[in-house]
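One structure is given here, and the rest of the page talks about it.
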Amino acid sequence: AQSVTQLDSHVSVSEGTPVLLRCNYSSSYSPSLFWYVQHPNKGLQLLLKYTSAATLVKGINGFEAEFKKSETSFHLTKPSAHMSDAAEYFCVVSDLTSGTYKYIFGTGTRLKVLA
Amino acid sequence: DGGITQSPKYLFRKEGQNVTLSCEQNLNHDAMYWYRQDPGQGLRLIYYSQIVNDFQKGDIAEGYSVSREKKESFPLTVTSAQKNPTAFYLCASTPGQGSIFQPQHFGDGTRLSIL
């Protein structure tokens with residue numbers, strides 16, 4: 029079965045330091061992978077997507093992610109955290125199940141940025 | 007600007023009452039989805055619709071119903087059979103089911119609570 033595992037439910041970083049949010053997936057097919065950000069009481073906003081082109085994907089707000097097939101990982105990084113990055117982040121895999129495309133969500137990582 | 011509008015933002019349900027959550031999109035998307043979000047559990051799929059007048063159950067459809075009479079609209083009814091309706095409900099859409107490369111677009115959600 030397809031699945032997504034976000035390895036940390038909470039991550040705390042100091043402002044100006046790097047961010048690493050980890051995501052591992054399992055999929056029977058060549059998947060599409062996405063990272064979304066959610067601020068309190070808001071919907072999910074797309075940060076970036078992997079669609080089998082370049083393995084290093086750049087997104088909005090300075091975020092990027094690297095698809096590593098051998099490690100089945102799609103970790104999200106940012107060189108320098110900003111206070112506005114504090115939010116919840118979701119890793120999502122799009123997969124084909126019984127002839128229907130479905131989106132499988134990780135359980136989220138809450139990022140806290142310390143001043 | 008194109009997007010997804012969910013209303014109301016906050017909703018309260020009395021015991022034994024059915025309530026309907028609205029989701030309208032002006033993106034001309036074919037596929038629409040309803041998710042339920044509970045703390046620490048990520049997003050769980052309630053119902054989805056690939057085309058007008060057609061919809062399928064997701065992973066947690068019991069106690070919910072939907073309709074898709076218009077391309078733009080996909081309302082969700084939380085029935086009295088749903089014994090634990092308190093959650094954040096998110097509506098999403100994609101252009102269609104033709105490709106797994108398409109990210110979902112999300113509304114800003116409706117928070118439902120029991121009185």
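Line by line, the protein sequences give chains A and B. In short: position in the first sequence from 1, add 28, done, that's our numbering. In short: position in the second sequence from 1, add 6, done, that's our numbering. Virtual Cβ for every residue (Gly too), placed ideally from N, Cα, C.
What does Pro101(B) touch in chain A if you count any residue whose Cβ is under 7 Å from its own?
Those within 7 Å of Pro101(B) in chain A number zero; the least Cβ separation is about 11 Å.
Should the stretch 51-63 of chain A be regarded as contacting the stretch 8-15 of chain B, the criterion being three or more beta carbon pairs within less than 8 Å?
The stretch 51-63 of chain A is not in contact with the stretch 8-15 of chain B.
Under 7 Å Cβ-Cβ, which residues of chain B neighbour Thr135(A)?
The answer, in chain order, is Gly46, Gln47 and Gly48.
Closest to Gly87(A) by CA distance: which of Lys96(A), Ser98(A), Gly71(A) and Thr105(A) is it?
The candidate whose alpha carbon is nearest that of Gly87(A) is Thr105(A).
Should Thr116(B) go down as buried or exposed, given a rule of 16 or more other Cβ atoms within 10 Å for buried?
Label assigned to Thr116(B): buried.
List, in order along the chain, the chain A residues whose C-beta lies closer than 7 Å to that of Asp114(B)?
Those within 7 Å of Asp114(B) in chain A are Lys70 and Gly71.
If you reduce the DSSP assignment to three classes, tell me which class Asn32(B) lands in.
Three-state result, Asn32(B): coil.
When you compare each of Leu142(A), Leu76(A), Glu43(A) and Ser58(A) to Phe118(A) by their alpha carbons, which one comes out closest?
It is Leu76(A) whose Cα lies nearest to the Cα of Phe118(A).
Give the interface partners of Phe80(B) over in chain A, defined as CB-CB distance under 7 Å, in chain order.
Those do not exist, as Phe80(B) stays about 15 Å from chain A at its closest Cβ, beyond 7 Å.
Going by DSSP, what residue range makes up the beta strand (DSSP E) through Arg50(A)?
Unbroken run through Arg50(A): none, as it is neither H nor E.
Under three-state DSSP, which class holds Ile88(A)?
Residue state, collapsed to three classes: helix.
Determine the DSSP secondary structure at Ser80(A), reduced to helix, strand or coil.
The answer is coil: DSSP assigns Ser80(A) none of H, G, I, E or B.
By Cβ distance below 6 Å, which residues in the same chain neighbour Lys20(B) in space, the five residues on each side in sequence not counted?
So the qualifying residues of the chain are Leu121.
Determine, using beta carbons only, whether Ser54(A) and Thr135(A) come nearer to each other than 8 Å.
Not in contact: Ser54(A) and Thr135(A) (Cβ atoms no closer than 8 Å).
Assuming Thr79(A) contacts Asn52(A) under a Cβ cut-off of 8 Å, what Cβ separation, rounded to an integer in Å, is found between them?
The Cβ separation is near 19 Å, so there is no contact.
Can you list the beta strand (DSSP E) stretches of 3 or more residues lying completely in the stretch 31-79 of chain B, in chain order?
For the stretch 31-79 of chain B, whole beta strand (DSSP E) runs of length 3 or above, ordered along the chain, are 37-43, 49-57, 60-63 and 70-72.
Spatial neighbours of Leu82(B) within its chain, please: C-beta separation below 8 Å, excluding the five flanking residues on both sides.
Result list for Leu82(B): Thr26, Leu27, Cys29, Trp40, Ile52, Tyr53, Tyr70, Ser71, Val72, Tyr95 and Cys97, in chain order.
When the distance is taken between beta carbons, is Val120(A) closer than 8 Å to Tyr131(A)?
Yes. Within cutoff.
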